[in-house]
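Structure first, commentary second.
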Amino acid sequence: MSSREYVPVANGCDGRGRKRVPAMVVGLLVASLVALQLGTVASKVTYDHKAIVINGQRKILFSGSIHYPRSTPEMWPGLIQKAKDGGLDVIQTYVFWNGHEPSPGQYYFQDRYDLVHFIKLIQQAGLYVHLRIGPYICAEWNFGGFPVWLKYVPGIEFRTDNKPFKDAMEGFTKKIVDMMKAEKLFETQGGPIILSQIENEFGPLEWDQGAPAKAYTNWAANMAVGLNTGVPWVMCKQDDAPDPVINTCNGFYCDWFSPNKPNKPNMWTEAWTAWYTAFGKPVPHRPPQDMAFSVAAFIQKGGSFVNYYMYHGGTNFGRTAGGPFIATSYDYDGLIDEFGLLRQPKWGHMKDLHHAIKQCEPTIVAAGDPVVASLGHNLQSSVFKSASGGCAAFLGNFDWTAHANVTFNGKQYELPPWSISILPDCKSDVFNTARVSAQTSEMRMDTVESFSWQSHTEEINATEKVAFTNNMMMEQLNITRDKTDYLWYTTFVNIDKTEKFLSNGQDPTLTVMSSGHAMSVFVNGKLAGKEYGSIDNPGVKFTGKVKMWDGSNTISILSATVGLPNVGEHFETWNAGVIGPVTLGGLNEGSRLLTFQKWIYQIGLKGESLSLHTPAGSSSVQWGKAAVNQPLTWYKTTFNAPGGNEPLALDMSSMGKGQVWINGQSIGRYWPAYKAVGDCPACNYKGNYSEKTCQSQCGDASQKWYHVPRSWLKPTGNLMVVLEEWGGDPSGISLVKRSVGSVCAYVDATPQAKVELSCDLGKKISQIKFASYGTPSGRCGGYSEGSCHAHKSYDPFQQNCVGKQSCAMNVTAAIFGGDPCPGTLKSIAVEATCG
Ligand code: GAL
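Using the UniProt record's numbering, the first residue of the sequence shown is number 1, and each one after it goes up by one.
Shown next, in the form of structure tokens:
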């Protein structure tokens, strides 16, 4: 175990030099006269070295990413309200170009892509918006947000000094800015948008690509600023962002960061709440204590804008997941879970952190740079003092293992390892990042419905609806343009009756090389094997013995993409599909190269072209008794919506790989057969976090539950259709309800200690399962009493909590009938059931 060396630096520790532009605000833009004429409440958004300045006031802003197409419009108001309740000031979202312009010049801004509606809901809730237009967005979103047609614009090269690309980028950026202006959504017009973003993390690529990339950066910044939004632009991870664009930090920690000019504020546009999940990988989690630590560390260095990426991650519905191999769940261990429920204690702990920092805000924004002093090895204080006498302090213990007792201004403070305490008045410690007093919620997934299925077998020999033939193997995207995951490659192989393998039983060996991402190989209509790549290596190789007969044999390869790349240098040049070579070995002639013979191409599956996933399409074919463990099979069933308002999910564990639709809406790709390979060590919040520090699901499906938005269901007669590529048992699919089972609190019995418990709206505390004031141990769902236990531990909770949605009380010995073990440090642990 090592320690992060912390070197205290005197005034100016944020590395932005000592020369400060005083509290003078760098006027970026002026409030819009037009807005004033229209009588809207317009305010000016500018910035200075301390903060974003709204209407003349510096702000410490907490922001959270919620990506509108990753949830449904019906979920948006609830998500926004939970973000507000959690202490956020701003909602940040990318803009999803490929969702908005599916084909050139044809725009879509409805339903989950109704950007204006989303922003107006945020405005109604009284929050601000940070609009990251990109239009390159990365985001584990298909093709990084670019429409696939963009790749086929003649002469185009993405994200460099290339005219066709710049024209397209400018066109879309302007389209969005104009739309926002028309709806009066910029703050200067009385709207909620206080910030925008152009590009996304281009800095590291610029270093590699040199002059044309540099020219592109300057062009992008100028183009954006020229659109006169009236609010500042940021470029994240772009050290050389040209003025007046603010360069910002993305990462797990950003306390090392400072912007490229002393007149720019220190902003953290992506504080990663964990990491995304890929099929075949474990699921990352980030402990709340470390999340809070990283944010407190940033603020104490003078940071004034923190955006949680993701506050609510949501779901990659349909084929929107990027990749390849990004899972359908984009939960991200966000503060609100994929299903829209609070993730506790993470949400509550960050709420408490925000509250503590907001108490410091008046002092911090009025003060100069913090004065940093050492309080011992790996210990430091960071103090903000304002001219009006305000004082706010952060006391940090950067050691990974050792508790510390520090003396600050003559008072003693106890600091757990890897923690920061916040003292809004330089005296009272109102919050420590490692002491979690927010409640823990144990989630339940209860089966509410199983189904009876019918099936229909997909056609394997793809000669019916042939797109074209060619005497070579062709790259997949070029043919499918990503309208479907699937492309059939079919060829015929003539086997002469003199082939020795026909009599000696030594079957020939077929080898197929694909650039990705998965493929199933059929010979004469029978599955010969399936192969798939991984997020680290999307390429695929099939090699296996195959049964062939004398005469004409059919080789049919179903190549499948699993989301297009969203990141990397020139990811638009990446290939997918079977580009060869394909060889057949073990023949009399040795090995026969099949790459350059006639190949027949069919785009997509027959069931797709018949729209079997829709109510109308599904009635166009015959369905029979459900086949089990058969590749390339369609299943259908109908069901009624379960009662209640709990979020729903499908448990797909019994299936292999495929896609699922309900009432024609795509729930997304499922792939529970892809088990997570990786390490899932015991999780510890202490020390530098990386996405591999705390993981779960090792050896299990990376994703077994698939979110079914309630609003996609009718009360009765919902059609569910499953396309299974590999073979599975649909009788094992179930619909589950997600809810809070138990809520727990575990707090140290300090003089300020308070216990708060609350169930979801509409639920009440039905029972106190456990309560102990004394020395209890264990975790939520498994507490046990210690040697010290107050016999009346249950009483106050029985009296104040049962039958209520929430309850809160101060912890004193008196309410438990007196101190059971004077002189011993005590805690209180309580677990309540929500019903
Ligand atoms: C960032 C990027 C985001 C997202 C994130 C990983 O670098 O800006 O869009 O991809 O990484 O989840």
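For every residue, glycine included, the Cβ atom is placed at its ideal position computed from N, Cα and C.
Closer than 7 Å by C-beta to residue i: which residues in its own chain qualify, once you throw out the five before and the five after it? Chain order, please.
i, result
"SER784", "PRO776, SER777, GLY778"
"THR484", "ILE603, GLY604, GLU608"
"LYS166", "TRP219"
"LEU487", "GLN476, ILE479, THR480, SER559, GLY577, TYR601, ILE603"
"ALA125", "ILE80, GLN81, LYS84"
"ILE122", "ILE80, ILE91, VAL129, PRO192"
"PRO204", "LYS237"
"LEU38", "Interpretation of LEU38 is limited by its pLDDT of 37, a score under 50 that renders its predicted location unreliable; the figure taken from the coordinates is listed afterwards. The answer is none, since no qualifying residue turns up."
"SER534", "GLY280, PHE325"
"GLY27", "Because the pLDDT at GLY27 is just 35, under 50, the model does not fix this residue reliably, and the point stays unresolved."
What do you reckon, is the C-beta of residue i under 8 Å from a heavy atom of the ligand GAL?
i, result
"GLU459", "no"
"TRP207", "no"
"VAL743", "no"
"ALA813", "no"
"TYR601", "no"
"LYS237", "yes"
"GLU338", "no"
"VAL567", "yes"
"CYS426", "no"
"CYS138", "yes"
"TRP233", "no"
"SER405", "Looking at the sequence shown, residue 405 is not Ser but Asn. Every heavy atom of the ligand GAL is 8 Å or more from the Cβ of ASN405, so no."
"GLU475", "no"
"GLU157", "no"
"GLU201", "yes"
"TRP97", "no"
"GLU270", "yes"
"TYR276", "yes"
"ASN247", "no"
"ASN250", "yes"
"TYR309", "yes"
"TYR94", "yes"
In terms of alpha-carbon separation, which member of the options lies closest to residue i?
i, options, result
"TYR489", "LEU593, GLN110, ASN470", "ASN470"
"ASP429", "GLN752, ASP85, VAL45, GLY86", "GLN752"
"THR716", "ILE765, GLN506, GLY643", "GLY643"
"GLU270", "GLY303, PHE279, ASN260, ASP243", "GLY303"
"residue 901", "SER618, CYS807, MET235, GLY230", "Because the chain here runs from 1 to 835, residue 901 falls outside it and cannot be looked at."
"LEU648", "THR633, LEU632, GLN630, ILE667", "ILE667"
"ASP399", "ASP760, ALA518, ASN247, LEU379", "LEU379"
"LYS714", "SER696, PRO416, ALA392, GLY664", "GLY664"
"SER450", "ALA327, GLU531, ASN640", "ASN640"
"GLN209", "GLU187, ARG159, VAL177", "ARG159"
"ASP239", "LEU227, ALA224, LYS214", "LYS214"
"GLU206", "GLY568, MET445, PRO282", "GLY568"
"THR384", "PHE317, ALA402, ASP446, ILE299", "It is worth fixing the name first, because residue 384 is Phe in this sequence and not Thr. Minimum Cα distance to PHE384 is reached at ILE299."
"ALA673", "CYS426, PRO538, LYS530, GLY774", "LYS530"
"GLU756", "LYS545, ALA701, VAL436, SER611", "VAL436"
"VAL743", "THR833, ALA168, LEU502", "THR833"
Compute the beta-carbon to beta-carbon distance between residue i and residue j, rounded to the nearest angstrom, for a pair I have assumed lies under 8 Å.
i, j, result
"VAL578", "SER653", "That belief does not hold up - the Cβ atoms of VAL578 and SER653 are roughly 30 Å apart, past 8 Å."
"THR440", "GLN344", "6 Å"
"GLY322", "PHE146", "Actually they are not in contact, since the Cβ atoms of GLY322 and PHE146 sit about 10 Å apart, beyond 8 Å."
"HIS355", "ALA438", "With 8 Å as the limit, HIS355 and ALA438 do not qualify as a contact, their Cβ atoms being about 11 Å apart."
"ASP651", "LYS704", "6 Å"
"ILE835", "LYS763", "According to the sequence as given, residue 835 is Gly; it is not Ile. About 6 Å; that satisfies the 8 Å criterion."
Once you ignore the five residues that flank residue i on each side, which residues in its own chain have a CB closer than 6 Å to its CB?
i, result
"TRP453", "ALA626, TYR635, THR637, PRO730"
"ALA23", "Low confidence applies to ALA23: its pLDDT is 32, below 50, so where it sits in the model is not reliable, and the reading given next is rough at best. Correct list: empty, nothing qualifies."
"PHE770", "TYR783, GLU831"
"LEU375", "SER381, VAL406"
"ILE815", "PRO796"
"VAL628", "ASP729"
"MET75", "GLY340"
"LEU29", "With a pLDDT of 33 at LEU29, under the threshold of 50, the modelled position of that residue is not reliable, and the figure given next carries that caveat. Cβ neighbours of LEU29 beyond the five flanking positions: GLY230."
"LEU33", "Per-residue confidence for LEU33 stands at a pLDDT of 35, beneath the threshold of 50, marking its modelled position as unreliable; no derived number is given."
Who are the Cβ neighbours of residue i in its own chain at under 8 Å, not counting the five residues just before and after it?
i, result
"ILE525", "The residue you asked about is not Ile; residue 525 is Gly in the sequence shown. If we look at GLY525 and ignore the five residues flanking it on each side, its Cβ neighbours are ILE460, ASN461, THR554, SER556."
For the structure I just gave you, are there three or more beta carbon pairs, one from the segment 822-833 and one from the segment 724-739, closer than 8 Å? no
Are three or more beta carbon pairs between the segment 592-603 and the segment 360-379 nearer than 8 Å? no
With contact counted as at least three CB pairs below 8 Å, one residue from each stretch, are the segment 292-310 and the segment 244-262 in contact? yes
contact_flag[the segment 581-595, the segment 678-694] where n(CB pairs < 8 Å) is 3 or more: no
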